[in-house]
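So the structure is just underneath, and the comments pick up after that.
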Amino acid sequence: MTTEERLVQYQVVAARRTTYDTMVWQVPGLALTAQAFLMTIGLAPGTGRLARVAVGLLSVVVALMAAQLLLRHRQNELADAKWLESFERASGWETVHMPATARAAQVGLVPSGLARLRSYRVWIGGLSTFGLIGLAIALWAVIR
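The opening residue of the sequence shown carries number 601 in the working numbering; numbering runs sequentially from there.
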């Protein structure tokens, strides 16, 4: 493979990594919109029992689907980032696709407070919470 072909390959993988990174954060945003809609219906005083059960279970499904897709996109983004980092090292380039924590450490930044938490874990926790609330709505509708 020529140098030019390798550079094109690098650019393609870098663009794909950026696309996956963007999709990682679009998923929870869209899921939150869906959850807000479902919660509005599920908690409205005039909503019937069957509708509450359906909305609660849909909330669980949306939470699981969003979490799975977020994790899948993140896995693909990480795979491309690792490939790019390896390519940069093998080519003798400065490694700009290293993990964010390593980049921050290079310039002396130490995350504090909430910034220490991994964002994907925070979002998985949030999505899971919505799913649990949806399950509670469904159970509440069945029990009462």
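Even for Gly, the Cβ is constructed at its ideal location relative to N, Cα and C.
Pull up the distance between the alpha-carbon of residue i and that of residue j, whole angstroms please.
i: Ser659; j: Gln668; result: 14 Å
i: Gly642; j: Leu732; result: 13 Å
i: Leu739; j: Ala651; result: 12 Å
i: Ala614; j: Glu605; result: 14 Å
i: Ala700; j: Glu688; result: 16 Å
i: Arg649; j: Thr640; result: 14 Å
i: Tyr720; j: Ala663; result: 14 Å
i: Lys682; j: Thr633; result: 32 Å
To the nearest whole angstrom, what separates the beta carbons of residue i and residue j, a pair I think is in contact under 8 Å?
i: Asn676; j: Tyr620; result: 5 Å
Could you give the DSSP three-state label for residue i: helix, strand or coil?
i: Val661; result: helix
i: Leu717; result: coil
Between which two residues does the alpha helix (DSSP H) carrying residue i extend?
i: Ala705; result: Ala700 to Gln706
i: Ala615; result: Thr603 to Leu643
Would the region 720-727 count as touching the region 670-685 if we require 3 or more Cβ pairs under 8 Å? yes
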